[in-house]
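Quick note on this note's numbering: the sequence shown kicks off at 198 and runs consecutively. Glycine included, every Cβ here is placed at the ideal spot set by N, Cα and C.
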Amino acid sequence: MITSYERRLQRLELISLEQRRLRGLLIETFKYLNGLNNVTMERLFERDGNVRTRNNGQKPLLRNFKTSQAMNFFPVKIAATWNQLPENIVSAGTVNQVKNRLDKFWTTNPPSTTSY
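Structure representation (structure tokens):
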């Protein structure tokens, strides 16, 4: 059943609040992984060193934690979603390229906002 909120989003050709949040997290992840923020990447993410499998080239390592509180930490929350993105998005040269490619990718593959 389509709610009035979803109908308004469709009519205005906008994405939902959850999708905007996810988009923002993915853009921040790109900035961290490419050194565009004042925080070193190693403080937040550990790269997956597995070169035998195909990946997008910038694959943060997924960690296992015993507490549920750790699952709300930014790198843990976004790593699985980032690892599912195609290589042309994560290997973009600028933030604007990431935004444009992500929006284009989402037109054919809508994001699952329940995964983050």
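Item checked: Buried versus exposed call for T250 [16 or more other C-beta atoms within 10 Å across all chains shown] -> For T250, the predicted structure reports a pLDDT of 49, less than 50, and the residue's modelled location is therefore unreliable. The matter cannot be settled from this model.
Item checked: Selection from L211, L233, Y202 and L222 that minimises the alpha carbon distance to T304 -> Looking only at L211, L233, Y202 and L222, the smallest Cα-Cα distance to T304 is reached by L211.
Checklist line | Test item: CB-CB of L282 and L233 under 9 Å | finding: In this structure, L233 does not lie closer than 9 Å to L282 by Cβ.
Margin query: Measuring alpha carbon to alpha carbon, tell me which residue in A276, N297, R208 and N293 is nearest T226.
Written below: The shortest C-alpha to C-alpha distance from T226 to any of A276, N297, R208 and N293 is the one to A276.
Notebook entry, point to check: Contact check, L219 vs T278 under 8 Å by CB: the rounded distance?
Noted result: Approximately 7 Å separates the beta-carbon atoms of L219 and T278; this is inside 8 Å, confirming the contact.
Item checked: Delimiting residues of the alpha helix (DSSP H) encompassing E284 -> E284 to V287 is the extent of the alpha helix (DSSP H) around E284.
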